[in-house]
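Protein chains in written order, with the numbering used here: chain H, 1 to 286; chain S, 1 to 342.
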C-alpha cells in the first residue's frame with residue numbers, strides 16, 4: 001500500500017462523495033424547510049436513471065437525457081408535494097409514512113416500465129477515457145462527477161446566499177413560523193425545495209447510472225447513504241451536506257478497501273454516534 | 001378509546017384469534033404457512049406499536065432485533081446444533097435476552113433524540129446491524145444468508161409439520177399479545193401514553209420519562225428477538241433481507257395501517273400486507289400498486305388505521321373529522337420536535 005493506493009482511494013472517495021452530494025443536498029434542504037424525512041428520495045434517484053435510459057434508447061443522446069430526466073422527476077416531486085403531502089399540513093410522521101407509500105408505488109412502476117433487469121448508462125466516449133496525472137490514472141468520468149457536483153454546489157450556494165429567494169429559504173429553515181409571520185410564502189418555498197430535491201436526486205441517478213448501474217433495489221440502497229450525508233452534515237445546511245458527502249464518500253471507500261468485513265458498520269456507527277451526541281448533525285443549526 | 005368498552009374489544013380480538021386457530025389448520029398448506037409467517041412477524045409489529053402507538057417513538061430500525069433473534073437461532077442450530085430439541089426454549093430465552101441487550105445499548109444512544117431525529121438514529125443503528133450481516137460473511141453468510149434445514153422437535157412433537165408449527169407460533173404470538181396487552185394497560189403503560197401525549201407534563205409530575213421510554217425500548221427489543229426466532233424457523237432461512245431497512249419500514253407501516261396505539265391493529269395490518277404480498281402476488285403482477293395505494297389511502301384518509309373503522313361508522317356523519325384525531329395523529333404530534341418549539 002504505497003502513496004499511489006492512498007491517492008487513488010482518496011480520489012475515488014471524493015468522486016463518490018460528489019455523487020452523494022447531489023442526493024444528500026436535496027434531502028437536507030427538504031428536511032430543513034419541511035422537517036420531514038423524504039423516504040422517496042432514493043426513488044427519485046432510481047427513476048432519474050430509468051428516465052435517462054429511456055431518453056437514450058429513444059434519441060441516442062446522453063447529453064439530452066440528463067436535463068429531461070432531472071426535469072421530469074422534479075415535476076413528479078412537485079406534484080407529490082402539492083397533491084399529497086400538502087393536505088396533511090404540519091404532521092411530519094404522516095408525511096414521512098406517505099413518502100414510503102410512494103416509494104413502494106414507484107418501485108412497482110419502475111419494475112413494470114423498465115423490467116427487473118439491471119442496466120448501465122453509457123456516457124459518451126470522451127468521458128470514458130482516463131488521464132494520467134503524476135503517474136496516477138484518473139478516469140475522466142469521475143472527474144466529470146466532481147465537476148458537476150462543484151458546479152451545482154456553487155450555484156446553490158450563490159442562490160442561497162446572494163438572492164432574495166435564498167434568504168427566504170434560509171429564513172424558512174431557521175424558523176418557518178416566523179418566516180410566515182414576516183410575509184414569506186413558506187408553502188411555495190416547501191414546494192420549490194421539494195422539486196429542487198427531486199431534480200438533484202434524479203440528476204444524481206443519471207450521473208451515477210454509469211457508475212453504480214440502474215437496477216431494482218438501488219432506491220433503498222442509496223437512501224441510507226443519503227441519510228448519512230444529511231446527518232453528518234446537519235439537516236438543512238448546504239455546506240454541511242458538502243462536508244457530509246465527502247466524509248461518507250471517503251469513509252465508504254476506505255471502509256470497503258481496508259475493512260471489508262465491517263465496511264458498512266464503519267459508516268453507520270459514526271452516523272448513529274453523531275446523532276446521539278448532536279441530534280441536529282455536526283453542522284446543523286439548533 | 002373512550003368510545004368503546006375495553007371488554008368488548010378484548011372479546012372481539014379473542015374471537016378473531018379463536019377463529020384463526022380453528023379455521024387455518026383446515027385450509028391448505030400455503031395458507032397455513034402464510035398465516036404462520038404473518039403471526040411470527042406480528043410479534044415484531046406489536047413491539048413497534050409499543051413504541052410508536054403507546055410511547056410516541058417512531059422507530060425505523062426494529063428489524064435489527066428480529067435479525068439478532070433470527071441469526072442467533074440459525075447460527076446456534078447450524079454450528080452447534082443447539083435449539084432443535086428441548087433446548088429450543090433456551091434459544092428463545094437467549095434470543096430475547098440478546099436482542100434486549102442490544103436494545104439496551106442502542107437505547108442509550110437513541111433515547112437522546114426525539115421525533116424525526118429518533119427515527120433517523122434508529123435507522124442508522126438498524127443499518128449498522130444490516131451492514132454487519134451483509135459484510136461479515138464468515139458469521140452470517142452475507143448475501144446468501146444461513147439455511148436452517150430443520151425445525152425444532154421437543155415434548156415428543158415434531159414441529160417440522162406445517163400445522164404443528166403453526167400452533168407453536170400461534171401460541172407464542174397469543175402469549176406475546178397477552179403480555180404486551182397487559183403491559184399497556186398497567187400503570188407503566190398508562191405512563192407511556194402520558195409521555196406520548198405530553199412528555200413535559202409527565203416530567204413535572206415527577207415521572208422519570210427517560211427511564212420509562214428506555215424500558216419500553218428494551219422490552220420492544222426483546223419481543224423483536226422472539227419474533228426473529230419464529231421467523232427464521234418459519235422461513236428456513238435468514239438473510240440480509242430480514243434486517244434490511246425495508247423490513248423495519250414494513251413493520252412501521254403495518255402498525256399505521258392497522259392503527260397505532262391499538263396493539264392488535266398492527267396484527268391486522270400485518271395480515272393485510274402478507275395477504276397482498278404473498279397471496280395476491282401469485283394472482284396478479286400489479287400487487288405492489290395495491291399495497292402502495294392501501295398505504296397512501298389509509299395515511300391520507302384513515303389516520304386511525306383499520307381499527308378506527310368501527311368507531312368511524314358509529315360516529316357516522318355527525319363528526320367525520322373527529323376520528324382523525326386517532327392514535328397516529330396524537331403519536332405524531334407528540335413526536336414532532338417543532339411542536340414543542342412552535
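Using N, Cα and C, we set each Cβ at its ideal position, and we do this for glycine too.
Next item on the list: Taking only beta-carbon positions, decide if residue 62(S) is within less than 9 angstroms of chain H.
Entry: Position 62 of the second chain, counted from the start, is the residue given in the question as residue 62(S). Judged by the 9 angstroms Cβ criterion, residue 62(S) is not in contact with chain H.
Item checked: Distance CB(residue 43(S))-CB(residue 227(S)) smaller than 9 angstroms -> As a working mapping, residue 43(S) is identified with position 43 in the second chain. As a working mapping, residue 227(S) is identified with position 227 in the second chain. A contact, by the Cβ cut-off of 9 angstroms.
Notebook entry, point to check: Going by Cα to Cα distance, which pick from 7(S), 37(S), 272(S) and 56(S) is closest to residue 260(S)?
Noted result: If you number the second chain from 1, residue 260(S) lands on position 260. Residue 56(S) is the option with its Cα nearest to residue 260(S).
Check: Would you say residue 320(S) reaches chain H, if we count a Cβ-Cβ gap shorter than 9 angstroms as a contact?
Finding: Within the second chain, residue 320(S) is the residue found at index 320, counting from 1. Summary for residue 320(S): the model assigns pLDDT 48, below 50, so the residue's position carries little reliability, and this model does not support an answer.
Notebook entry, point to check: By DSSP, does residue 212(S) sit in helix, in strand, or in coil?
Noted result: One-based indexing of the second chain puts residue 212(S) at position 212. Helix.
Check: Closer than 7 angstroms, Cβ to any Cβ of chain H: which residues of the segment 52 to 82 of chain S, in chain order?
Finding: 58
Notebook entry, point to check: Are the C-beta atoms of residue 144(S) and some chain H residue less than 9 angstroms apart?
Noted result: The residue labelled residue 144(S) in the question sits at position 144 within the second chain. So, not an interface residue.
Next item on the list: Give a yes or no on whether the minimum CB-CB distance between residue 140(H) and chain S is below 9 angstroms.
Entry: Walking along the first chain from the start, residue 140(H) turns up at place 140. No, because no Cβ of chain S sits closer than 9 angstroms to the Cβ of residue 140(H).
Notebook entry, point to check: According to a CB-to-CB cut-off of less than 9 angstroms, which residues of the segment 223 to 246 of chain H neighbour chain S?
Noted result: So the list reads 223, 224, 227, 228, 230, 231 and 235, given in the order they occur along the chain.
Margin query: For a contact defined as C-beta to C-beta under 8 angstroms, what are the partners of residue 144(H) on chain S?
Written below: Translated into positions along the first chain, residue 144(H) becomes position 144. By Cβ distance, chain S contributes nothing, its closest Cβ being about 29 angstroms from residue 144(H), past 8 angstroms.
Next item on the list: Measure the beta-carbon distance from residue 14(H) to residue 188(H) and round it to whole angstroms, keeping in mind my assumption that it falls under 8 angstroms.
Entry: The residue given as residue 14(H) occupies position 14 in the first chain. The residue given as residue 188(H) occupies position 188 in the first chain. Not quite, the Cβ-Cβ distance comes to about 35 angstroms (not below 8 angstroms), so this is no contact.
Checklist line | DSSP bridge partner residues for residue 158(S) (one or two, in chain order) | finding: What you label residue 158(S) is simply residue 158 of the second chain in a count that begins at 1. DSSP output for residue 158(S) lists 153(S) as bridge partner(s).
Next item on the list: Locate the alpha helix (DSSP H) running through residue 71(H), then write down its first and last residues.
Entry: Here the question's residue 71(H) lines up with position 71 in the first chain. Segment 62 to 80, the alpha helix (DSSP H) holding residue 71(H).
Margin query: Against chain H, with Cβ distances strictly below 9 angstroms, would residue 244(S) count as a contact?
Written below: Reading the second chain from its first residue, position 244 is the one you call residue 244(S). With 9 angstroms as the cut-off, residue 244(S) counts as an interface residue toward chain H.
Checklist line | Assigned exposure category for residue 81(H) - 16 Cβ within 10 Å defines buried | finding: Counted from its first residue, the first chain places residue 81(H) at position 81. Flag for residue 81(H) reads buried.
Item checked: Where the alpha helix (DSSP H) containing residue 15(H) begins and where it ends -> The count along the first chain starts at 1 and reaches residue 15(H) at position 15. Per DSSP, residue 15(H) belongs to the alpha helix (DSSP H) from 3 to 34.
Check: By a C-beta neighbour count over all protein chains shown, 10 Å radius and 16 as the cutoff for buried, is residue 320(S) buried or exposed?
Finding: Along the second chain, one-based indexing puts residue 320(S) at 320. Low confidence applies here, because residue 320(S) scores a pLDDT of 48, under 50, leaving its location unreliable and the question unanswered by this model.
Check: DSSP state of residue 138(H), grouped into three classes?
Finding: Within the first chain, numbered from 1, the residue matching residue 138(H) stands at position 138. Residue 138(H): strand per DSSP, three-state reduction.
Check: With DSSP run on the structure shown, which of helix, strand or coil describes residue 43(S)?
Finding: The sequence position of residue 43(S) within the second chain is 43, counting from 1. Residue state, collapsed to three classes: helix.
Next item on the list: Anything in chain H within Cβ reach of residue 120(S), meaning under 7 angstroms, just list it in chain order.
Entry: Counting from 1 along the second chain, the entry for residue 120(S) is found at position 120. The answer, in chain order, is 37, 227, 231 and 275.
Next item on the list: Taking residue 138(S) as the reference, give the member of 107(H), 104(H), 260(H) and 278(H) with the closest Cα.
Entry: Mapped onto the second chain, residue 138(S) falls at position 138. For the residues 107(H), 104(H), 260(H) and 278(H), the minimum Cα distance to residue 138(S) belongs to 260(H).
Next item on the list: Over the uninterrupted beta strand (DSSP E) stretch that includes residue 130(H), give me the two end residues.
Entry: Counting from 1 along the first chain, the entry for residue 130(H) is found at position 130. Segment 130 to 133, the beta strand (DSSP E) holding residue 130(H).
Check: Skipping 5 residues on each side, what residues in its chain have a beta carbon closer than 6 angstroms to that of residue 42(H)?
Finding: One-based indexing of the first chain puts residue 42(H) at position 42. Excluding sequence neighbours, residue 42(H) sits near 219, 220, 222 and 223.
Notebook entry, point to check: For the candidate residues 290(S), 13(S) and 251(S), whose alpha-carbon lies nearest to that of residue 49(S)?
Noted result: Here residue 49(S) is taken as the residue at index 49 of the second chain, counted from 1. Residue 251(S) is the option with its Cα nearest to residue 49(S).
Checklist line | CA nearest to the CA of residue 22(H), picked from 48(H), 63(H) and 3(H) | finding: Here residue 22(H) is taken as the residue at index 22 of the first chain, counted from 1. It is 48(H).
Next item on the list: With DSSP collapsed to three states, give me the class of residue 182(H).
Entry: Counted from its first residue, the first chain places residue 182(H) at position 182. In this structure, residue 182(H) counts as coil in the three-state DSSP scheme.
Item checked: Endpoints, the alpha helix (DSSP H) within which residue 168(H) is located -> Start at 1 with the first residue of the first chain, and residue 168(H) comes out as number 168. In this chain, the alpha helix (DSSP H) harbouring residue 168(H) covers 164 to 174.
Next item on the list: Run the CB neighbour count on residue 124(H), radius 10 Å, all protein chains shown included, and call it buried at 16 or more, exposed below.
Entry: Here residue 124(H) refers to the residue found at position 124 when the first chain is read from its first residue. It counts as exposed.
Margin query: Taking the beta carbon of residue 213(S) as the centre, do at least 16 other beta carbons fall within 10 Å, making it buried, or is it exposed?
Written below: Stepping through the second chain from its first residue, residue 213(S) is reached at position 213. Its Cβ being crowded by 16 or more others within 10 Å, residue 213(S) is buried.
Check: Between the Cα of residue 209(S) and the Cα atoms of 111(S), 82(S), 174(S) and 311(S), which residue gives the shortest distance?
Finding: In the second chain, residue 209(S) corresponds to position 209, counting from 1. Nearest option by C-alpha distance: 111(S).
Notebook entry, point to check: If we call anything under 9 angstroms between Cβ atoms a contact, is residue 195(H) one with residue 74(H)?
Noted result: As a first step, residue 195(H) must be located in the first chain, where it is residue number 195. As a first step, residue 74(H) must be located in the first chain, where it is residue number 74. Yes, Cβ-Cβ distance for residue 195(H) and residue 74(H) is below 9 angstroms.
Checklist line | Backbone secondary structure at residue 320(S) - three-state DSSP | finding: As a first step, residue 320(S) is located in the second chain; it is residue number 320 there, counting from the start. Note on residue 320(S): pLDDT 48, under 50, position unreliable in the model; no value is reported.
Item checked: Nearest-angstrom Cα separation, counted from residue 251(H) out to residue 180(S) -> Taking the first residue of the second chain as position 1, residue 180(S) is located at position 180. Taking the first residue of the first chain as position 1, residue 251(H) is located at position 251. So the two alpha carbons sit approximately 41 angstroms from each other.
Notebook entry, point to check: Thinking just about the alpha-carbon of each residue, which of 152(H), 151(H) and 185(H) is nearest to the one in residue 167(H)?
Noted result: Residue numbering aside, residue 167(H) sits at position 167 when the first chain is read from its first letter. The candidate whose alpha carbon is nearest that of residue 167(H) is 185(H).
Check: Using the rule of at least 16 other Cβ atoms within 10 Å of the residue's Cβ for burial, across every protein chain shown, is residue 253(H) buried or exposed?
Finding: Counted from its first residue, the first chain places residue 253(H) at position 253. Flag for residue 253(H) reads buried.
Item checked: Nearest candidate by alpha-carbon position, reference residue 67(S), set 230(S), 307(S) and 285(S) -> To locate residue 67(S), count along the second chain from 1; it is residue 67. Residue 230(S) is the option with its Cα nearest to residue 67(S).
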